[in-house]
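Right, one structure below, let's go through it.
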Amino acid sequence: MKKPIVITLGEPAGIGPEVVEHAVRKFRKRYPKVGVDVLGDPDMAKPGKPTKKSAKSALEALELSAEMALAGEAAAIVNGPVSKEWLQQVGFRHPGQTEFYARAFGLKNDEVTMTMTGPSMTVGLVTTHCSLASAVRKVTQPRIVATGQRLDALLRAKGIRKPRIAVAGLNPHAGEAGAFGQEEIRIIEPAVKRLEAELKRSVAGPISPDAVYMACRDGKYDGVVSLYHDQGLIPFKLVSFDTGVNVTAGLPVWRMSPDHGTAFDIAGKNKADARSMYCALELALELGRIKK
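Take the sequence shown: its position 292, counting from 1, is numbered 628 in this note's numbering, and each next residue is one higher.
Okay, structure coming up:
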């Protein structure tokens with residue numbers, strides 16, 4: 337039997353169940369031969385009213401999806417949005433789903449990379465769910481190089497033979513030759529050289545953060561190594577919020593999710609946009625090398 341795409345509904349009180357329903361219906365109509373296995377109970381909570389019971393249901397779906405992947409029973413994993421606040425109340429001890437799957441596969445958090453990909457931009461994050469002060473301390477040469485390698489792997493999996501990668505600077509104007517900080521000189525420039533040696537091709541950077549994303553959007557680069565969470569996600573969501581997909585790179589199985597949250601305020605009102613979830617399913621099909 338062909339391995340299915342495994343989907344978790346996310347927090348039942350959020351918009352996960354409805355966007356999954358809409359996206360899966362469209363996906364099955366277009367790809368009737370592709371297996372889709374949906375995990376979770378949409379009736380576990382009232383829309384917009386999360387509880388510990390609904391959070392436990394979301395956690396159990398995550399755990400089952402990881403078990404299936406570890407057993408070789410999943411071609412790819414697609415997650416509906418969860419509430420980290422409510423998950424933590426039922427024993428979830430991870431900053432997010434990215435870190436949950438890393439631990440499930442026996443990996444450390446820095447052995448996987450949170451990436452965001454859409455029609456016109458792909459970003460890979462050197463640091464993710466931590467304070468800005470902590471993120472600056474965690475910007476190191478090895479982390480930048482590893483992020484660039486995993487970003488490159490995702491872009492190649494999407495069919496780009498030799499991805500053009502840029503690395504963002506940390507400080508305004510990429511440090512202005514040391515006038516606004518030494519991180520570009522001491523850390524980022526040497527990391528770019530190491531990444532070039534690993535990939536065996538040119539890598540641009542460090543480039544001023546206020547310019548590199550527009551250049552990527554306009555087609556000069558295929559992907560950007562972003563040094564902290566909001567540096568990459570703010571420009572990405574400005575251009576790809578409805579069609580962007582969050583991908584965990586570095587796992588044995590590709591894992592992805594829509595780039596939005598639970599949206600409790602509109603849950604159950606038939607207002608949720610399912611495009612990002614559908615894009616996640618299409619990307620799972622592509623990355624999982626699933627026959628149509």
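C-beta: ideal position from N, C-alpha, C; glycine also.
Just so we're clear, the structure is a prediction, and the values are computed from it rather than from any experiment.
Could you give the first and the last residue of the continuous alpha helix (DSSP H) run that contains residue i?
{"i": "ASP566", "result": "565-576"}
{"i": "GLY484", "result": "477-493"}
{"i": "ALA349", "result": "Run containing ALA349: none; DSSP gives neither H nor E here."}
{"i": "ALA410", "result": "No alpha helix (DSSP H) holds ALA410; DSSP gives it neither H nor E."}
Using three-state DSSP, classify residue i as helix, strand or coil.
{"i": "ARG511", "result": "Per the sequence shown, the amino acid found at residue 511 is Gly instead of Arg. In the structure shown, GLY511 sits in a helix (DSSP, three-state: H, G or I)."}
{"i": "LEU375", "result": "strand"}
{"i": "SER631", "result": "Within the shown structure, residues of the chain are numbered from 337 to 628, placing residue 631 beyond reach of any answer."}
{"i": "ALA608", "result": "coil"}
{"i": "LYS370", "result": "First, the residue type needs correcting, since residue 370 is Val and not Lys in the sequence shown. In the structure shown, VAL370 sits in coil (DSSP, three-state: anything other than H, G, I, E or B)."}
{"i": "ARG364", "result": "helix"}
{"i": "VAL539", "result": "coil"}
{"i": "PRO383", "result": "coil"}
{"i": "ILE626", "result": "coil"}
{"i": "ARG497", "result": "coil"}
{"i": "LYS474", "result": "helix"}
{"i": "LYS529", "result": "helix"}
{"i": "LEU388", "result": "Position check: residue 388 holds Lys in this sequence, whereas Leu was assumed. Helix."}
Could you spell out the range, first to last residue, of the beta strand (DSSP E) harbouring residue i?
{"i": "SER562", "result": "559-562"}
{"i": "ALA504", "result": "501-504"}
{"i": "ALA599", "result": "Unbroken run through ALA599: none, as it is neither H nor E."}
{"i": "VAL583", "result": "581-585"}
Just list the residues that DSSP pairs residue i with in beta bridges.
{"i": "THR717", "result": "Outside the shown range of the chain (337 to 628) lies residue 717, about which nothing can therefore be said."}
{"i": "ARG591", "result": "ILE413, THR584"}
Using a Cβ-Cβ cut-off of 7 Å, state whether residue i counts as contacting chain C.
{"i": "GLU399", "result": "Among the chains in the structure shown there is no chain C, since it carries only a single protein chain."}
So, does the segment 504-519 touch the segment 592-606, judging by three or more C-beta pairs under 8 Å? no
Counting only runs of 3+ residues fully inside the segment 412-471, write out the beta strand (DSSP E) ranges in chain order. 412-415, 449-453, 458-461
Quick one: any contact between the segment 575-585 and the segment 449-458, if contact means 3 or more CB pairs under 8 Å? yes
Does the segment 373-390 come within contact of the segment 341-349, defined as at least 3 CB pairs closer than 8 Å? yes
Is the segment 385-403 touching the segment 359-367, taking contact as three or more C-beta pairs under 8 Å? no
Check whether the segment 579-590 and the segment 615-628 are in contact - that is, three or more C-beta pairs closer than 8 Å. yes
Should the segment 555-571 be called in touch with the segment 458-465, which here means at least 3 C-beta pairs below 8 Å? yes
On the three-pair Cβ rule with 8 Å, is the segment 521-532 touching the segment 474-486? yes
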